[in-house]
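Terminal number for the sequence shown in our numbering: 121, no gaps in between.
Ideal Cβ positions, reconstructed from N, Cα and C, are used throughout, including at glycine.
This report refers to the structure that appears directly beneath it.
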Amino acid sequence: MEDGQWRVICCWKNHQCFQFFILLTFFIMLGIFIYRLINVSLNMNATPTTITVTLIGKDQSVRRTQNNFTSSIFTFIFEDEKGERLSFDVGKKDYHQFVEGDKGQLTYQRKMFKSFERIKE
């Protein structure tokens, strides 16, 4: 085995690989934090949009977190008058308040659900 190959295999002895992975993990986490911060900022600064839609789907997914806690994510799927579909995560109260087939006015900011007002027919 050549000397250069041996250094790669034994890099744990001088902690270079360990330091590299710690830095890599730090930069990945920093990138995720910055991405989420930019997304929240873009959502908050976007102009609210209101359109007429039909609620065509509801979804609930349960995620198990550390220490056996669970969290539920509630999602609405809307279809506008042009046939385009929009999907938003919503709160539990909104999720249980509406049923598939409801028509109404959807207000949202970029990717953030604001409200859904049912139109009485």
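Counting of Cβ neighbours within 10 angstroms places Tyr35 among the exposed residues, the total staying below 16. The three-state secondary structure of Thr52, taken from DSSP, is strand. The alpha-carbon separation between Ser115 and Ser61 amounts to approximately 21 angstroms.
Taking the CA atoms as reference points, Gly57 sits about 20 angstroms from Arg110. Annotation: Thr25 is outside any beta strand (DSSP E); the continuous alpha helix (DSSP H) that includes it extends over Gln16 to Asn45. Separation of Asp80 and Asp89 (C-alpha to C-alpha, rounded to the nearest whole angstrom) is 17 angstroms. Phe74 and Leu55 do not touch by the CB rule: their CB atoms are close to 12 angstroms apart, not below 8 angstroms. For Lys103, the enclosing beta strand (DSSP E) stretches over residues Lys103 to Gln109.
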